[in-house]
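Chemist: Per this note's numbering, the sequence shown starts with residue 2, numbered consecutively. The beta carbon of each residue, even a glycine, is placed where N, CA and C say it ideally should be. Quick one: this structure, given as structure tokens, is what I'll be asking you about.
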Amino acid sequence: VGEAQLEAEGITAQLLDTAAQELRAGLDALRHTVRGIHPRELTDRGLVAAIEAAAAQYGPHVVVRAPHPLPQIDAPVLAAGYFFTTEALTNAAKYAPGAPVSVLITSDHTLNVVITDQGAGGAHIAPGGGLEGMRERIAAFGGAVELHSPAGGPTTVAARIPLLLYRGQSGIGESAGA
């Protein structure tokens with residue numbers, strides 16, 4: 002019995018090591034993919050302009066605000082913020098059609114994107130649902146998604162994406178003059 006138990010523990014440890022390696026490889030692949038996917042507007046004019054262009058497709062009831070200039074931010078962080086925002090806008094259009102929507106973009110040690118719709122509320126993060134997927138994608142960057150959606154509204158979904166992607170590597174890009 003003792004030998005079988007030791008053998009089972011060894012197999013379990015191998016399986017856990019393999020799973021951890023595959024998870025790391027998957028996250029690396031996700032980060033690599035995000036680095037390569039950029040809407041032209043994001044590449045040419047920056048995050049705020051790209052989000053404004055995306056928001057304009059939903060109608061005049063969507064307002065984008067960035068009260069302070071953003072620092073130069075590396076492409077993976079920009080892409081994550083952009084895709085989070087466009088997915089949140091799609092959700093607002095689906096679940097709160099025509100309701101006023103605001104997008105607030107700020108930055109401190111994180112890129113912060115907050116989308117609020119004046120719909121009926123009641124949204125929740127369900128396993129396998131769209132909001133869970135959004136949370137998982139932001140978590141791949143070490144970020145977090147918060148949802149506040151009481152019955153009667155409004156619904157606010159916020160992402161905080163660290164500008165420090167890897168230990169010792171800043172998510173803030175080098176300025177052209179540096």
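Mind checking who asparagine 113 pairs with in its DSSP beta bridge?
Modeler: Residue 113 sits at position 112 when you count from the first residue of the sequence shown. BP columns for asparagine 113 point to Thr107 and Arg161.
Chemist: Closest to alanine 145 by C-alpha separation, out of Arg66, Ile126, Thr91 and Thr13, would be which residue?
Modeler: Counting from 1 along the sequence shown, the entry for residue 145 is found at position 144. Taking only the C-alpha atoms, the option nearest alanine 145 is Ile126.
Chemist: Taking its Cβ as the centre, do 16 or more other Cβ atoms sit within 10 Å of leucine 16, making it buried, or is it exposed?
Modeler: Sequence index remark: in the sequence shown, residue 16 carries index 15 (1-based). By the 10 Å Cβ count, leucine 16 comes out exposed.
Chemist: For serine 108 and proline 72, I'd like the C-alpha separation in whole angstroms.
Modeler: Translated into positions along the sequence shown, residue 108 becomes position 107. Translated into positions along the sequence shown, residue 72 becomes position 71. Rounded to whole angstroms, serine 108 to proline 72 spans 8 Å at the Cα level.
Chemist: Please state whether DSSP places leucine 71 in a helix, a strand or coil.
Modeler: As a working mapping, residue 71 is identified with position 70 in the sequence shown. Coil, per DSSP.
Chemist: Can you find the residues in the same chain that come closer than 7 Å, C-beta to C-beta, to isoleucine 52, ignoring five residues on each side of it along the sequence?
Modeler: For the purposes of this step, residue 52 is taken as residue 51 along the sequence shown, with counting starting at 1. Closer than 7 Å at Cβ, skipping near neighbours: Val65, Tyr83, Thr86, Val104 and Ile106.
Chemist: Taking the DSSP output, what are the residues bridged to alanine 141?
Modeler: Here residue 141 is taken as the residue at index 140 of the sequence shown, counted from 1. Per DSSP, none; premise fails for alanine 141.
Chemist: Which residue from Gly134, Tyr96, Ala67 and Gly143 puts its Cα closest to that of alanine 124?
Modeler: The sequence position of residue 124 within the sequence shown is 123, counting from 1. Of the candidates Gly134, Tyr96, Ala67 and Gly143, the one whose C-alpha sits nearest the C-alpha of alanine 124 is Tyr96.
Chemist: Can you have a look at glycine 120 and say buried or exposed, based on whether 16 or more other CB atoms are within 10 angstroms of its CB?
Modeler: In the sequence shown, the residue the question calls residue 120 occupies position 119. So glycine 120 counts as buried.
Chemist: Is the beta carbon of alanine 56 sitting closer than 8 Å to the one on leucine 90?
Modeler: Residue 56 sits at position 55 when you count from the first residue of the sequence shown. Residue 90 sits at position 89 when you count from the first residue of the sequence shown. For alanine 56 and leucine 90, yes; Cβs fall inside 8 Å.
Chemist: Ignore the nearest five residues each way along the sequence and tell me which others in threonine 117's own chain have a CB closer than 6 Å to its CB.
Modeler: To locate residue 117, count along the sequence shown from 1; it is residue 116. Correct list, in chain order: Ser103, Pro155 and Thr157.
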